[in-house]
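Right, one structure below, let's go through it.
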Amino acid sequence: MSALAQAAAELATARKDILRIATAGSVDDGKSTLIGRLLYDSKAVFEDQYAAIERASRGDHVDLSLLTDGLRAEREQGITIDVAYRYFSTPRRTFILADTPGHVQYTRNMVTGASTADLAIVLVDARKGMLEQSRRHAFLASLLRVPHLVVAVNKMDLVDWSEEVYEGIREEFAAFATKLEVPDLTVVPISALQGDNVVTRSANTPWYEGTSLLHHLEHVHVASDRNLVDTRFPVQYVIRPQTDEFRDYRGYAGRVGSGVLRPGDEVQVLPSGLTTTIAAIDGPDGPLDAAFAPMSVTVRLTDDLDVSRGDMICRPHNAPTVTQDLDAMVCWMADTPLVPRMRLAVKHTTRSVRAVVKDLQYRLDVNTLHRDTTADGLGLNDIGRVTLRTTQPLFVDDYHRNRVTGRFILIDEATNATVGAGMLTPS
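Mapping of the sequence shown onto numbering that gives the first Met the number 0: position 84 corresponds to residue 83, and the numbering continues sequentially without gaps.
Here you go:
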């Protein structure tokens, strides 16, 4: 293989590496402007898009935040309301950016955007320092087990690129992060409006020895964050074509939650507990030698077992906990408060069951991390520890070990609206 062909192959492999990013921070910290700057400086904005936001901009500069804030209410108020997803890529990596709102009443939107993120960028206004909402979002990122956290100290140009201001915020945030479980913390001084330290290093910060924000995003190591030990395959659909070509074909389609599946592996099917081996694994382009998260595949088993949607394929000696009692941290997303004895539907992986709220152990103050054990309910955007009892067993892991089988959503059976998101805690 020539050097050019080898480089092309390596590039194609690198482009498969997707980094999911959630931005967070307080109101007017510049989250949307930062994403706009990343899109613009990485050449991900078309000329007609740029011309459109140039016409829509108010003031003496092009408002790059309009690239993500597309709702009329957002543009009128200059705020972010809904979670906006933007895609861009560099030669090294592909990025999915979730622009999440900063207002307190949109905490649930932040939880939604960060639930699948590999990295969270918490913006801090250099003039204001650490605000209540900055702490709230940093806590939510740690609660959702986002493995990598970047604190972008924005608007450094408005404090004359002061090293003292940057160091003060960095030390304050580092002290707060010791109370949280943050495995990887990076602090970068930037100016999203001017583009300093966003894509390239800035001459305005000679005292800063780190890399630019985009360089860090391109090189942060996320492959080791995936759980390749605990094999979890929730079955979504049973494929029985029953055609002349595939008369006896029976496959179980789904998305690999964690671990690795290979033909010949001994597996167990829950809830029946029966064991068998994997006969073959089929992907969109044909048979596969192995399947790992987050691949969507069809698994064929050697024996004809009763397997349907909601069942779980795992390893016999490394199975999830089968239980009807859930102990979880819940973020409540509805106007009607969560109270004990409330009846809800639970959606966990591909399995849907009904449940009742047994107990509210405490409501958590996300600003002080104080546990209020006297709380009698959870209001909109509140977070608390809740015990649930389900009508049928679920196959669960602790959220800190497995983000796929450790999370669930709560659904109002009357309106079919999602009213809560839960993360299972160690019992």
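For glycine and all other residues, C-beta sits at the position ideal for the given N, C-alpha and C.
As assigned by DSSP and simplified to three states, the class of Tyr39 | Sequence index remark: in the sequence shown, residue 39 carries index 40 (1-based). Note: Tyr39 maps to helix in three-state DSSP.
Find out if the Cβ-Cβ distance for the pair Phe87, Arg19 is shorter than 9 Å.
-> Numbered from its first residue, the sequence shown carries residue 87 at position 88. Numbered from its first residue, the sequence shown carries residue 19 at position 20. Contact flag unset, no.
Beta-bridge partners of Tyr49, as assigned by DSSP | Residue mapping note: residue 49 aligns to position 50 of the sequence shown, counting from 1. Here Tyr49 is not bridged, per DSSP, to any residue.
Identify which residue in Arg384, Glu162, Gln323 and Arg308 has its Cα closest to the Cα of Ala354.
-> Within the sequence shown, the letter at position 355 stands for residue 354. Comparing C-alpha distances from Ala354 to each of Arg384, Glu162, Gln323 and Arg308 shows the shortest one belongs to Gln323.
Along the chain, where does the beta strand (DSSP E) that runs through Val329 open and close?
-> Translated into positions along the sequence shown, residue 329 becomes position 330. DSSP places Val329 inside the beta strand (DSSP E), whose first and last residues are Thr320 to Trp331.
Stretch-stretch touch, CB-based, cutoff 8 Å, three pairs: the segment 227-234 with the segment 152-164 | The answer is no - the segment 152-164 does not touch the segment 227-234, with fewer than three Cβ pairs under 8 Å.
From what residue to what residue does the beta strand (DSSP E) around Asn153 run?
-> Start at 1 with the first residue of the sequence shown, and residue 153 comes out as number 154. Annotation for Asn153: the continuous beta strand (DSSP E) segment containing it runs His147 to Asn153.
Compute the Euclidean distance between the alpha carbons of Pro339 and Leu122, then round it to the nearest angstrom.
-> Here the question's residue 339 lines up with position 340 in the sequence shown. Here the question's residue 122 lines up with position 123 in the sequence shown. Annotation: Pro339 to Leu122 spans about 37 Å, alpha carbon to alpha carbon.
Residue of Thr386, Ala318 and Asp117 minimising C-alpha distance to Met328 | As a first step, residue 328 is located in the sequence shown; it is residue number 329 there, counting from the start. Of the candidates Thr386, Ala318 and Asp117, the one whose C-alpha sits nearest the C-alpha of Met328 is Thr386.
Taking the DSSP output, what are the residues bridged to Val110?
-> Your numbering for residue 110 matches position 111 in the sequence shown. In the DSSP output, where bridge partners are listed per residue, Val110 has none listed.
Asp247 to Asp303 span [Cα, whole Å] | Counted from its first residue, the sequence shown places residue 247 at position 248. Counted from its first residue, the sequence shown places residue 303 at position 304. So the alpha carbons of these two residues sit roughly 11 Å apart.
Go ahead and label Phe138 buried or exposed: buried means 16 or more other beta carbons lie within 10 angstroms of its beta carbon, across all protein chains shown.
-> As a position in the sequence shown, residue 138 is number 139, starting the count at 1. So Phe138 counts as buried.
Leu368 vs Gly383 beta-carbon contact at 9 Å | Here residue 368 refers to the residue found at position 369 when the sequence shown is read from its first residue. Here residue 383 refers to the residue found at position 384 when the sequence shown is read from its first residue. Contact: no.
Indicate whether Arg36 and His399 have their beta-carbon atoms separated by less than 9 Å.
-> Taking the first residue of the sequence shown as 1, we reach residue 36 at position 37. Taking the first residue of the sequence shown as 1, we reach residue 399 at position 400. For Arg36 and His399, no; Cβs fall outside 9 Å.
Cβ neighbours of Thr115 in the same chain (closer than 7 Å, five flanking residues each side left out) = Numbered from 1 along the sequence shown, position 116 holds the residue referred to as residue 115. Listed in chain order, the non-local C-beta contacts of Thr115 below 7 Å within the same chain comprise Arg19, local neighbours out to five positions each way being set aside.
When DSSP labels each residue in this structure, what does Arg406 get in the three-state scheme?
-> Along the sequence shown, read from residue 1 onward, the residue named residue 406 stands at position 407. In the displayed model, Arg406 falls within a strand according to three-state DSSP.
Do the CB positions of Arg261 and Ala289 come within less than 9 Å of each other?
-> Counting from one through the sequence shown, the residue named residue 261 turns up at place 262. Counting from one through the sequence shown, the residue named residue 289 turns up at place 290. Contact: yes.
What's the C-alpha gap between Gly263 and Met294?
-> The count along the sequence shown starts at 1 and reaches residue 263 at position 264. The count along the sequence shown starts at 1 and reaches residue 294 at position 295. About 18 Å.
Return helix, strand or coil for Arg254, following the three-state DSSP convention.
-> Taking the sequence shown and counting its residues from 1, one reaches residue 254 at position 255. Note: Arg254 maps to strand in three-state DSSP.
If we count the other Cβ atoms within 10 Å of its Cβ and call it buried at 16 or more, is Phe245 buried or exposed?
-> Along the sequence shown, one-based indexing puts residue 245 at 246. Around the beta carbon of Phe245, fewer than 16 other beta carbons sit within 10 angstroms, so the residue counts as exposed.
How is Val219 classed by DSSP in three states: helix, strand or coil?
-> Residue 219 sits at position 220 when you count from the first residue of the sequence shown. Val219 carries a coil assignment under DSSP once its states are collapsed to helix, strand and coil.
Is Ser295 helix, strand or coil when you go by DSSP?
-> One-based indexing of the sequence shown puts residue 295 at position 296. Of the three classes helix, strand and coil, the one that applies to Ser295 here is strand, per DSSP.
Nonlocal neighbours in the same chain, by C-beta distance under 6 Å from Leu379, ignoring five residues either side | Locating residue 379 in the sequence shown gives position 380, counting from the first residue. Taken in chain order, the residues that qualify are Asp334.
One or two residues paired with Gln267 in a DSSP bridge = The residue labelled residue 267 in the question sits at position 268 within the sequence shown. Paired residues: Thr274 and Cys313.
So what does DSSP say about Gln132, is it helix, strand or coil?
-> Residue 132 sits at position 133 when you count from the first residue of the sequence shown. Looking at Gln132 - three-state DSSP - the assignment turns out to be helix.
Going by the beta-carbon positions, is the gap between Val418 and Trp331 smaller than 9 Å?
-> Walking along the sequence shown from the start, residue 418 turns up at place 419. Walking along the sequence shown from the start, residue 331 turns up at place 332. With respect to Trp331, Val418 sits close: the two C-beta atoms are nearer than 9 Å.
Just mark Arg71 as buried or exposed, buried being the case when its beta carbon has 16 or more other beta carbons within 10 Å.
-> Numbered from 1 along the sequence shown, position 72 holds the residue referred to as residue 71. Low confidence applies here, because Arg71 scores a pLDDT of 43, under 50, leaving its location unreliable and the question unanswered by this model.
With C-beta atoms as the reference, is Thr336 less than 9 Å away from Gly376?
-> In the sequence shown, the residue the question calls residue 336 occupies position 337. In the sequence shown, the residue the question calls residue 376 occupies position 377. Correcting the residue identity first, residue 336 is Pro in this sequence and not Thr. Going by C-beta atoms, Pro336 is nearer than 9 Å to Gly376.
Leaving out the 5 sequence neighbours to the left and right, which residues in its chain are closer than 7 Å to Asp40 when beta-carbon positions are compared?
-> Your numbering for residue 40 matches position 41 in the sequence shown. Contacts found: Gly194, Val197 and Val198.
Might you give, ordered along the chain, the residues of its own chain that have their beta carbon closer than 7 Å to the beta carbon of Thr301, omitting 5 neighbours on each side?
-> For this step, residue 301 is matched to residue 302 along the sequence shown. Once the five neighbours on either side are set aside, the close Cβ partners of Thr301 are Thr275, Thr276 and Ala278.
Just the C-alpha distance for Thr242 and Gly250, rounded to the nearest angstrom, thanks.
-> Here residue 242 refers to the residue found at position 243 of the sequence shown. Here residue 250 refers to the residue found at position 251 of the sequence shown. Taking the straight line from one Cα to the other gives about 14 Å.
Nearest to Ala420 (by Cα), restricted to the options Leu393, Met109, Pro182 and Trp206 = Counting from 1 along the sequence shown, the entry for residue 420 is found at position 421. Cα-wise, what sits closest to Ala420 is Met109.
Assigned exposure category for His316 - 16 Cβ within 10 Å defines buried | The count along the sequence shown starts at 1 and reaches residue 316 at position 317. His316 comes out exposed.
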